[in-house]
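Residue numbers (UniProt numbering), protein chains in the order written: chain F, 1 to 197; chain E, 1 to 197.
Idealized CB from N, CA, C, for every residue including glycine.
Predicted model, so just to flag it, every value in this text is computed and none were measured.
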DNA sequence: CTTTGTAGTGTGAATATTCACTAACCTATG
DNA sequence: CATAGGTTAGTGAATATTCACACTACAAAG
């Protein structure tokens, strides 16, 4: 366990393994035993890399938050139409989760919510960041007269975000068996159809 | 513990207490100890009323399923407009959860999903029932030319249900501090504005 | 080149705690 | 007097965490 803020390769492995366990067996299945077993080393070895189990979850969520912010921010380009930006953001999300389904936990992280104050904070930040980003795009669309102005951005956001979350939940319930990118694209277009003029 | 299918008063108490614990402390907080403590009797007394902890959860979800079906079905009236039916169904939901916030678990039951096969099945049924009911209303609205036909009912359902779920999540995250019926009404109107002609 | 210190990473055994659940017993009431 | 519903006092299993110990790589020192 190094003192730096950097994440070591071993830590990253543990995070990924934890995410995998989380979606396969749920929060109850994530124990020091299962993590150690999946890592092919003993339980005590975990503590060479993380102070506690909670720290693993915190690291996982922090990583995702960081990644998501960087990734999504880079997708938004002022020269593009709001619809294009809207599509780009969600396409990026769906592609990312297709490659890293073990991070879907973070979207459906209600189960983790009650874990600790710190975890709750990160999850809330994750939501707020996404809301803020989406809010920008919606405002852009209203100003450029692409989107309907009848419904306030504030009211539109939970509808869009809720749809996204629900889609992810369905995907998880199917055990990730269908292609989330094609299904996701359908939803993107449907949502756009609803809010476009 | 009687042999009948009826739920005794004591069982109902336990179910309600469990629901309360579930939203306050999450699935991890729901233990024989916390239930017993909230009931003001010993842990072993629980087993006079339920065979296992899982049975409590199953009873809770079954009760809600039964209740929701009955309640929502009675709200749909063919002589009413689709918009009226739509409103009636959601108003009923919001009113019900306002009075029984401890049952919000069932809407946000992601955490329970991994508990057991049987529990997962009931939760899925709960979702499907609601989808089916809402689907009827949407179809009615399309036939009477009230609703937009651009987006298929199938595609519309997850958007509406996702919005509802997200609204409930926000409410829970706020610790049920605001009035869900007024906030809910806003969402109902917004959704209607989106799908109406 | 060899010794030696040290940081990093692993192990197995032991720990206290918590969990769901059970057994034996008590007692009021119909 | 049987039964429903409560009690106390356990049970074994699982859990997160700690500890003493061992091995390795490698850099500094002699």
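Within chain E, the residues that residue i reaches when beta carbons sit closer than 8 Å
{"i": "residue 190 of chain F", "result": "151, 155, 156, 159"}
{"i": "residue 135 of chain F", "result": "Going along chain E, no residue has its Cβ under 8 Å from residue 135 of chain F, so there is no contact; the nearest lies around 15 Å."}
{"i": "residue 194 of chain F", "result": "151, 159, 194, 195"}
{"i": "residue 65 of chain F", "result": "Ordered by position in chain E, no residue passes the 8 Å Cβ test against residue 65 of chain F, which lies about 17 Å from the chain."}
{"i": "residue 142 of chain F", "result": "By Cβ distance, chain E contributes nothing, its closest Cβ being about 15 Å from residue 142 of chain F, past 8 Å."}
{"i": "residue 170 of chain F", "result": "158"}
Chain F residues whose Cβ lies nearer than 8 Å to that of residue i
{"i": "residue 27 of chain E", "result": "27, 28, 111, 114"}
{"i": "residue 10 of chain E", "result": "Going along chain F, no residue has its Cβ under 8 Å from residue 10 of chain E, so there is no contact; the nearest lies around 27 Å."}
{"i": "residue 163 of chain E", "result": "158, 159, 162, 163"}
Close beta carbons around residue i, own chain, < 8 Å, minus the five adjacent residues each side
{"i": "residue 184 of chain E", "result": "90, 91, 93, 94, 167"}
{"i": "residue 29 of chain F", "result": "21, 22"}
{"i": "residue 39 of chain E", "result": "13, 14, 17, 45, 46"}
{"i": "residue 197 of chain F", "result": "145, 146, 147, 148"}
Expected contact under 8 Å - CB spacing of residue i and residue j to nearest Å
{"i": "residue 23 of chain E", "j": "residue 36 of chain E", "result": "With a Cβ gap of about 18 Å, residue 23 of chain E and residue 36 of chain E do not count as contacting."}
{"i": "residue 49 of chain E", "j": "residue 8 of chain E", "result": "7 Å"}
{"i": "residue 58 of chain F", "j": "residue 118 of chain F", "result": "6 Å"}
{"i": "residue 193 of chain E", "j": "residue 137 of chain E", "result": "Not quite, the Cβ-Cβ distance comes to about 16 Å (not below 8 Å), so this is no contact."}
{"i": "residue 155 of chain E", "j": "residue 186 of chain F", "result": "7 Å"}
Residue i (DSSP reduced to helix, strand or coil)
{"i": "residue 177 of chain F", "result": "coil"}
{"i": "residue 79 of chain F", "result": "coil"}
{"i": "residue 50 of chain E", "result": "coil"}
{"i": "residue 166 of chain F", "result": "helix"}
{"i": "residue 147 of chain E", "result": "strand"}
7 Å CB neighbourhood of residue i in its chain, flanking five on each side removed
{"i": "residue 12 of chain F", "result": "none"}
{"i": "residue 60 of chain E", "result": "15, 18, 19"}
{"i": "residue 181 of chain E", "result": "94, 95, 98"}
{"i": "residue 139 of chain E", "result": "153"}
{"i": "residue 191 of chain F", "result": "160, 163"}
{"i": "residue 56 of chain E", "result": "14, 15, 18, 50"}
{"i": "residue 101 of chain F", "result": "23, 176"}
Proximal chain E residues relative to residue i, where beta-carbon distance stays under 9 Å
{"i": "residue 186 of chain F", "result": "155"}
Interface residues of chain E facing residue i [CB-CB closer than 7 Å]
{"i": "residue 166 of chain F", "result": "158, 161, 162, 165"}
{"i": "residue 108 of chain F", "result": "110"}
Close-in-space but distant-in-sequence residues of the same chain around residue i (CB under 6 Å, 5 per side omitted)
{"i": "residue 76 of chain E", "result": "85"}
Any contact of the region 96 to 109 of chain E with the region 162 to 181 of chain E, i.e. 3+ C-beta pairs under 8 Å?
Counting Cβ pairs under 8 Å, three or more are found: they touch.
Taking three-plus beta-carbon pairs below 8 Å as touching, is the region 128 to 136 of chain E in contact with the region 59 to 74 of chain E?
Yes, they touch.
State whether the region 77 to 90 of chain F contacts the region 102 to 112 of chain F, with contact taken as three or more CB pairs (one from each stretch) at a distance under 8 Å.
The region 77 to 90 of chain F vs the region 102 to 112 of chain F: no contact.
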